[in-house]
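Participant: Numbering (this note's numbering), first residue to last: 21 to 251. Built from N, CA and C at the ideal position, the CB exists for glycine as well.
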Ligand SMILES: *Cc1c(COP(=O)(O)O)cnc(C)c1O
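1. Among 97, 90, 113, 141, whose alpha-carbon lies nearest the alpha-carbon of residue 123?
2. Under 8 Å by Cβ, that's how I've got residue 140 and residue 108 pegged, so tell me the actual separation to the nearest angstrom.
3. Looking at the secondary structure, which residues open and close the alpha helix (DSSP H) in which residue 74 lies?
4. Candidates 172, 113, 127: which alpha carbon is nearest residue 119's?
5. Could you check if residue 251 is buried or exposed, using at least 16 other CB atoms within 10 Å of its CB as the buried criterion?
6. At 3 residues or longer, and completely inside the segment 159-185: list those beta strand (DSSP E) runs for me, N to C.
7. Identify every run of the alpha helix (DSSP H) within the segment 120-160, keeping only runs that are complete inside it and at least 4 residues long; order them along the chain.
8. Considering only the beta carbon of each residue, do residue 200 and residue 154 sit closer than 8 Å?
9. Would residue 121 be called buried (16 or more neighbouring beta carbons within 10 Å of its own) or exposed?
10. Is it the case that the Cβ atoms of residue 222 and residue 239 are separated by a distance below 8 Å?
11. Just tell me which of 76, 35, 89 has its CA closest to the CA of residue 137.
12. Could you tell me whether any non-hydrogen atom of ligand 1 is closer than 7 Å to the CB of residue 183?
13. Would you tell me roughly how many angstroms separate the C-alpha atoms of residue 214 and residue 189, rounded to the nearest one?
14. Once you ignore the five residues that flank residue 243 on each side, which residues in its own chain have a CB closer than 7 Å to its CB?
15. Indicate the three-state DSSP secondary structure (helix, strand or coil) for residue 48 in the structure shown.
16. Residue 260: buried (16+ other C-beta within 10 angstroms of its C-beta) or exposed?
17. Leaving out five residues on either side along the sequence, give the residues of the same chain with a beta carbon under 6 Å from the beta carbon of residue 219.
18. What separation, rounded to the nearest whole angstrom, lies between the Cα atoms of residue 246 and residue 34?
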């Protein structure tokens with residue numbers, strides 16, 4: 021387990037100023053997360069609601085949980101009470117579902133919670149990757165500008181680069197995202213300091229991502245080792 025703390029130190033040593041580190045703990049047991057927690061890590065990311073729920077129950081309450089998987093509208097209600105940031109919003113329908121659940125939660129708890137989200141952009145070459153195309157992104161934001169939804173705040177963009185060894189390709193994609201975030205910020209969020217996040221970069225490419233404006237890197241295997249999926 022000491023390997024986790026060592027790996028964490030190594031990754032931290034290569035982080036640029038202003039870039040936050042999310043430890044992607046999906047598929048790994050709660051003990052691994054606890055280990056990273058004891059080394060001072062507070063931001064963790066999961067991609068399955070059920071797995072996230074189980075971990076939230078047994079781990080320290082001051083962990084900031086990030087959601088980075090495909091989120092079904094009917095599962096939104098489970099994470100709304102505590103989620104720190106949802107990275108993977110890719111439709112108005114999902115935004116509406118989040119808003120609806122936040123409003124319900126606030127009414128039931130006399131609270132005034134706002135859930136932060138990122139809009140996921142499809143940038144990779146692979147067809148299978150999720151996310152909005154640039155045109156869809158503009159369409160969604162025009163709609164949002166006319167009628168922003170209660171209880172949800174758009175904090176920025178998220179993307180996954182192509183899964184390729186061609187690092188020039190990956191670098192081009194990161195730079196496209198960097199430019200896109202700046203354009204979107206100026207065009208739709210002028211004067212709004214809350215649109216300030218760009219989530220990109222994973223174990224294999226985060227050093228490149230932070231050269232191109234990433235503010236949050238999502239690092240899994242480099243901290244926790246290889247993932248073994250249960251079949
Ligand atoms: C699993 C995952 C990561 C982390 O990947 P590693 O290569 O293990 O660092 C980052 N982002 C998303 C969206 C993921 O699903």
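Facilitator: The answer reads as follows:
1. The shortest C-alpha separation from residue 123 is found at 97.
2. 5 Å
3. Annotation: the continuous alpha helix (DSSP H) that includes residue 74 extends over 69-78.
4. Closest option to residue 119, Cα to Cα, is 172.
5. Low confidence applies to residue 251: its pLDDT is 46, below 50, so where it sits in the model is not reliable, and the reading given next is rough at best. Residue 251 comes out exposed.
6. 172-179
7. none
8. Inclusion of residue 200 and residue 154 in the CB contact set at 8 Å is warranted, their separation being smaller than that value.
9. So residue 121 ends up on the buried side.
10. yes
11. Selected option, being the one with the closest Cα: 89.
12. no
13. 30 Å
14. If we look at residue 243 and ignore the five residues flanking it on each side, its Cβ neighbours are 24, 27, 28, 31, 43, 56.
15. coil
16. Residue 260 is absent from the model: the chain starts at 21 and stops at 251.
17. The answer, listed in chain order, is 107, 138, 178, 236.
18. The alpha-carbon atoms of residue 246 and residue 34 are separated by roughly 20 Å.
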